[in-house]
Each structure stands twice: as structure tokens, then as C-alpha cells.
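Asks:
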Amino acid sequence: MHVRFADCELDTGARQLLCQSRDVHLSPKAFELLKTLVEERPRALSKQELLDRVWPGVFVSDASLARAVSEIREAIGDHSRSDGFLQTVHGYGYRFATAGVVTAPGAAETLRPSCWLIGRDFEYRLTDGEHTVGREPGVAIRLDSPKVSRHHARVVAQGREVSVEDLGSKNGTFVRGVRIESRTLLVAGDEIQIGPVKLVFRVDEGIGATETEVWKDELI
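In this note's numbering, each number is its position in the sequence shown, counted from 1, plus 922.
1. When you compare only the Cα positions, how much space is there between PHE1123 and VAL1086?
2. I'd like the span of the beta strand (DSSP E) that includes THR1095, first residue to last.
3. DSSP three-state call for ARG989: helix, strand or coil?
4. Is the distance from the Cβ of LEU1121 to the Cβ of LEU1039 below 7 Å?
5. Please name the residue in CYS1037, PHE1044, ASP1050 whose C-alpha comes closest to that of LEU1108.
6. Measuring CA to CA, which of ASP1000, ILE998, HIS1074 is closest to PHE1096?
7. Take PHE981 and list the residues in its own chain whose beta-carbon comes closer than 7 Å to its own, dropping the five residues that flank it on each side.
8. Any contact of the region 984-991 with the region 937-944, i.e. 3+ C-beta pairs under 8 Å?
9. Can you give the Cα-Cα distance for VAL1078 and ASP1088, rounded to whole angstroms?
10. Taking 7 Å as the cut-off, decide whether the C-beta atoms of PRO1059 and VAL1023 are in contact.
11. Candidates LYS951, THR934, GLY1051, GLY1013: which alpha carbon is nearest VAL1082's?
12. Report yes if the C-beta distance between SER1104 and SER1091 is below 7 Å; otherwise report no.
13. Looking only at C-alpha atoms, which of GLU1045, LYS1069, TYR1046 sits nearest to GLY1056?
14. What number of angstroms, rounded off, separates the C-alpha of HIS1053 from the C-alpha of GLU1045?
15. Am I right that VAL960 and VAL925 are in contact with their C-beta atoms under 8 Å? What's the rounded C-beta distance?
16. In chain order, what residues of the same chain have a beta carbon less than 7 Å from the beta carbon of ASP929, not counting five sequence neighbours either side?
17. Return the first residue and the last residue of the alpha helix (DSSP H) that ARG944 is part of.
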């Protein structure tokens, strides 16, 4: 994976980080932590999950994780815990923001359709797998509205086949204006309503040379 953010470029295959076109050295664990967070963005990962993935089979304290986070922030010149690229999720862990991150996809990826959920002020690309939608910090698609349940709905993507199901939310999940009671397949142009928040499902048949992912945490 090759991504660009601010004045930095990260090539996970070459294990190289460039900032202002200069090679920036990270310790092996700090690089692995950065790689993990970038690949999982915008999902927040708990401290324990990060410890298990970056230090597998080794007992280390949260202090080791905090040092690696500080090393990354120092290397990329990003010192904000809440508004920068490497964000602290209070009481939970960390995540890497997608706002301003540009991904250069590989050749195989460019041949696949690209599926998106589009909100009033954000776009979220649906990679293959499950994406939980809700108000809880750490979910894949976080909608900050008191009428959105903590774990409100689940979106499952597999290529161009994308479905949504409600997770027993109080205010319901609607597709094409109808409250759904079971897993529902989406078609391009469908409007999905999560509590009061309206999203549109979009399918792009081809991906250009680069794509820009935009993410805003706070929706009204």
C-alpha cells in the first residue's frame, strides 16, 4: 500500500516513510504500528488489539505502545491527539484519520468496482468485510447523533454486493424509505437512513490513478 498524507508518503511494501521528500527512520515496532493503523483506517483499534498485533506473543505494557505513538507523531510532525492523523480514542485506543489521505491502488484493485456511503459532509469507501455503523467510539462508521444507537447497523461488502442490517436500534434503519427488519441488499443510488442521518450508496465502476478518502466524525 502506498498512501500520501500532508507532506508524507508511506510505502508499506517497501517499508519506507518519506516526509518532505526525506527518508524518515522509524523503529521496527513504530513502523508496524503506523502500517497497522493506516491499513485499518478509519477503524479505531483498541490498545490490546494493537499490542497483540504489533508485539505478538510478547508481554509489554501500554507504555511501549504510547512510546511508539509518540515516535510516529514526532516523525510526521503531527502532535494533535484529536485532530491530527494519528488520533487518540479516549479510553479505548488509536486510529488513523482518512481526511486528507490519498491512496494509490494496486493494479488488481483498479479493476474492481468501488462502493461508497456518501453523507452530508463525508464519503466512506466500503472495503470487503463488515462495517459497523453507530455512535460508539471505535466503530467503522461513526455518526455522532444522540438518535443513533451505539451499534446501530452493520454493512457487509463483498465486491459489488453490499448489504445492510439493523442491529436492534431504537430508531431503526431505513432503505428507500422503508424500515428494514432483515438483511437488505443495496443497489446504486439507494438512500439509507440511520436514525436521523441520511446516506447514499454509490458504486463507481472504475477507480482512477488515485482516490481521495474523506472522513468527518461529527454529523448532524
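Just so you know, even glycine gets a beta-carbon here, dropped at the ideal spot from N, CA and C. Fair warning: this is a prediction, and the values are worked out from it, not measured in the lab.
Replies: Here's the rundown:
1. 11 Å
2. 1095-1097
3. helix
4. yes
5. CYS1037
6. HIS1074
7. none
8. no
9. 12 Å
10. no
11. The sequence shown places Arg at residue 1082, not Val. For the residues LYS951, THR934, GLY1051, GLY1013, the minimum Cα distance to ARG1082 belongs to GLY1051.
12. no
13. LYS1069
14. 14 Å
15. 6 Å
16. CYS941, GLN942
17. Where ARG944 is concerned, there is no enclosing alpha helix (DSSP H), although the beta strand (DSSP E) it sits in stretches over 944-946.
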